[in-house]
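Some notes on the structure that comes next.
Protein chains in written order, with the working numbering: chain E, 155 to 466; chain F, 3 to 240.
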């Protein structure tokens with residue numbers, strides 16, 4: 155549905171997007187993840203035909219963003235960053251204006267506006283207000299309704315849940331998931347749980363380049379070179395450290411905490427070797443007391459941090 | 003066509019959704035009415051010439067105020083991004099905005115109808131120059147509008163758009179006025195007096211609808227609307 159090949163874009167001397175390529179299939183929700191200024195929004199601007207790429211090309215539904223921009227624009231729904239809306243317009247008037255441009259037949263306009271308003275949680279009272287007087291959350295919903303009104307094949311959402319409260323965020327996520335079953339969705343965000351909760355696939359972008367991609371699980375596995383185990387033992391520090399030094403499969407360990415004879419260690423072991431069993435035996439053999447034994451999973455957050463803070 | 007109409011409707015409504023329109027219309031009517039009646043009772047002639055002769059100067063300040071926000075505000079709010087990613091052709095947006103501004107101006111000008119009505123009540127003014135004057139005012143106003151609209155798309159700051167538009171309109175107006183013309187060599191004077199925005203208005207105002215004047219205004223309007231469209235497109239040039 156969406157194919158991006160070797161896309162590059164620079165603003166003056168700064169390279170915003172540097173030679174990225176990816177594909178999105180129909181019925182897929184792609185999470186576009188990256189720190190601020192990584193080139194997410196620029197990529198979205200190119201996909202929505204707002205800006206031309208300097209190099210490379212992007213095709214949506216078989217149309218080139220540069221050659222057939224009008225055809226693409228008919229097929230996409232776009233929620234830009236910072237929800238730009240006309241502050242002096244009444245919300246319902248705004249949706250009517252959009253539905254006119256989106257060529258929704260006059261006879262269906264009313265019902266369609268009602269439908270999307272309901273879908274996005276906009277009640278009559280909100281629809282009758284000036285957009286400029288709405289709270290951030292409602293503005294966001296109006297903008298989302300605007301993007302959905304023509305039932306687009308492709309939905310591009312740039313930070314759709316900014317400014318919403320937790321309940322609204324949950325609702326919007328469910329909505330996006332629902333839409334993503336049949337349509338193609340690209341979701342831009344720097345909020346990890348959001349991407350993790352809604353997307354089938356994630357692309358992590360940094361300094362305009364793709365630094366990781368895959369399903370949330372794949373990404374976590376990909377970055378997980380080591381397993382981390384936390385263990386707290388009651389015993390003599392010297393003894394424990396001697397034994398740990400001699401222990402197989404531990405790459406590295408360090409004392410993180412010690413309190414009243416409780417020593418907490420962080421152990422790093424080779425991937426795939428679960429050392430918890432042998433650690434437990436070690437404790438038993440030495441007649442120490444075990445008060446904590448915990449293996450941590452690398453979360454997407456760790457992966458994100460790892461991928462986006464490394465110096466290249 | 004329906005896209006132009008949609009943009010037109012939205013822009014036209016937005017004039018009246020804030021106090022801008024009412025302030026503008028009131029200010030224009032008070033100002034032009036006062037300037038007219040100030041001399042009216044002294045001269046004691048029932049004709050509209052004083053009104054029309056001062057109109058190009060009033061337009062100089064009033065019309066940039068009508069056009070300044072049309073693009074600048076879209077840029078400031080960022081709504082231009084949504085607008086440009088809707089399935090609209092660039093010229094449709096430009097025309098929609100232009101027609102909205104033009105209708106607004108037309109309404110404002112038509113509200114000065116009280117002036118000629120007063121004249122008809124007091125005496126028997128010649129109808130031709132009055133009708134001609136109004137038609138000329140619309141053409142001239144439309145030309146000013148197209149300039150202001152174009153300049154509004156160059157900046158995201160409405161104040162800058164206003165000041166630059168005033169200056170641009172002033173330049174295009176003054177080059178055709180005697181003050182400039184008389185200081186120029188003959189051949190240049192002829193060109194300048196043709197290019198000046200005001201001279202054509204005067205000849206229409208005499209009640210003579212010359213196709214050259216109409217063509218002149220239409221060309222100015224087309225030229226600036228075209229420039230506007232190209233400028234909007236230019237973000238897509240590589």
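Quick reminder that beta carbons are idealized off the backbone N, C-alpha and C, glycines included.
The structure displayed is predicted, hence computed values, not measured ones.
Item: Partners in chain E for residue 87 of chain F, counting only beta-carbon separations shorter than 7 Å; Value: 202, 203, 204, 227 and 232
Item: Beta-carbon proximity list for residue 200 of chain E, same chain, < 8 Å, skipping 5 on both sides; Value: 161, 163, 171, 206, 207, 212 and 219
Item: Nearest candidate by alpha-carbon position, reference residue 67 of chain F, set F:98, F:87 and F:30; Value: F:30
Item: Backbone secondary structure at residue 173 of chain E - three-state DSSP; Value: strand
Item: Test item: CB-CB of residue 174 of chain E and residue 340 of chain E under 9 Å; Value: no
Item: Residue 126 of chain E: contacting residues in chain F (beta-carbon distance under 7 Å); Value: With chain E represented from 155 up to 466, any question about residue 126 of chain E goes unanswered, as that position is not in the structure.
Item: Exposure of residue 423 of chain E, with buried meaning 16 or more beta-carbon neighbours within 10 Å; Value: buried
Item: Check: residue 157 of chain F C-beta below 8 Å from any heavy atom of the ligand SAM; Value: Ligands displayed in this structure: none; no statement on the ligand SAM is therefore possible.
Item: For residue 197 of chain E and residue 466 of chain E, the rounded distance between their alpha carbons; Value: Only weak support exists for where residue 466 of chain E lies, its pLDDT of 45 falling under 50; the coordinates are left without a value.
Item: Beta strand (DSSP E) segment containing residue 355 of chain E, residue limits; Value: 355-360
Item: Burial state of residue 221 of chain E (16 or more Cβ within 10 Å); Value: exposed
Item: Contacts around residue 208 of chain F, its chain only, beta-carbon distance under 8 Å, and the 5 residues preceding and following it disregarded; Value: 131 and 134
Item: Proximity below 9 Å, CB of residue 148 of chain F to CB of residue 222 of chain F; Value: yes
Item: DSSP three-state assignment for residue 410 of chain E, whether helix, strand or coil; Value: strand
Item: Assigned exposure category for residue 139 of chain F - 16 Cβ within 10 Å defines buried; Value: buried
Item: Counted within 10 angstroms of its Cβ, other Cβ atoms place residue 24 of chain F as buried (16 or more) or exposed; Value: exposed
Item: Bridge partner(s) assigned by DSSP for residue 164 of chain E; Value: E:169
Item: Closer than 9 Å to chain F by CB, residue 284 of chain E; Value: yes
Item: Contact with chain F by residue 431 of chain E, beta-carbon distance below 9 Å; Value: no
Item: Inter-residue Cα distance where the pair is residue 200 of chain F and residue 156 of chain F; Value: 25 Å
Item: Close-in-space but distant-in-sequence residues of the same chain around residue 407 of chain E (CB under 6 Å, 5 per side omitted); Value: 398, 419 and 421
Item: Option in F:56, F:113, F:169 and F:228 with minimal Cα separation from residue 204 of chain F; Value: F:56
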